[in-house]
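**Student:** At position 17 of the sequence shown the residue is numbered 143 (the numbering used here), and the sequence of numbers has no breaks.
Glycine included, C-beta positions come from ideal geometry on N, C-alpha and C.
Computed from a predicted structure; not experimentally measured.
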Amino acid sequence: ALRIFPSAKMSAPRSLVLTGAVLLSCGALFSAFVPTALTRTSAPASSSNLPSAAMSAAALVAPTAAHSAGEGSVWIPALSAVGAGFAIGLAAIGSGVGQGIASGRCIDGISRQPEVADDLRGVLLLSLAFMESLTIYGLVIALVLLFANPLIK
């Protein structure tokens, strides 16, 4: 009487398709930014290398454009806002996953051995405080990037 739901049947093909899409996109990025081996020919440079050369040049020029634009540049504040978003987002996701795993393991331990509930609760609260402090560090980094950015004069 085991029932397999339609979404469970599609999880393996969906996973394979998504894995293939990620591998193809990584291959495209790799081929765009990593130069291929050059062969010695007498023919001039072909136009097939133009997209990868343009993307490589754009990647090399972007930091230079951010610093050379002068006082009216919006690159550094904009990239700082993006960095702040990544800092707080990754800190919150990592801390949330860690706290969920730790709390789940603590509840499993208490359900198996109720006599050690007080010891496990103390250790859990201490570890949750340490995990939350890492999130606060991410928040501090985000606030520094937004309001006290050392890259902006």
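(1) If you check the beta carbons only, do Leu-271 and Ala-210 fall under 7 Å apart?
(2) Quick one: what does DSSP say Val-208 is sitting in, helix, strand or coil?
(3) Near Ala-147, which residues of its chain fall below 6 Å by C-beta distance, leaving aside the five closest residues on each side in sequence?
(4) For Ser-226, count neighbouring Cβ atoms within 10 angstroms of its own Cβ and tell me buried if that reaches 16, exposed if not.
(5) Going by beta carbon distance, what residues of the same chain come within less than 8 Å of Leu-260, once the five residues before and after it are set aside?
(6) Rank Pro-139, Gly-224, Gly-215, Trp-201 by C-alpha distance to the C-alpha of Phe-256 and give the top, closest one.
(7) How many whole angstroms separate the CB atoms of Cys-232 and Leu-246, which I take to be in contact at a CB cut-off of 8 Å?
(8) Work out the CA separation of Ala-154 and Val-200 for me, nearest whole Å.
(9) Contact defined as beta carbons within less than 8 Å: I believe Leu-254 pairs with Ile-214. What is the distance between those atoms, to the nearest angstrom?
(10) Taking the straight line between their C-alpha atoms, what separation do you get for Glu-258 and Ala-274?
**Tutor:** Taking the coordinates as given:
(1) In this structure, Ala-210 lies closer than 7 Å to Leu-271 by Cβ.
(2) Val-208: helix per DSSP, three-state reduction.
(3) Counting only Cβ-Cβ distances below 6 Å, and skipping sequence neighbours, we find nothing.
(4) The question names Ser, but residue 226 in the sequence shown is Gly. Per the 10 Å Cβ criterion, exposed.
(5) These residues qualify, in order along the chain: Ala-217, Gly-220, Ser-221.
(6) Closest option to Phe-256, Cα to Cα, is Gly-224.
(7) Indeed they touch by this definition, with Cβ atoms about 5 Å apart.
(8) Going by the C-alpha atoms only, they are around 29 Å apart.
(9) Between Leu-254 and Ile-214 a beta carbon distance of about 19 Å is seen, past the 8 Å cut, so the two are scored as non-contacting.
(10) Computed Cα separation, rounded: 23 Å.
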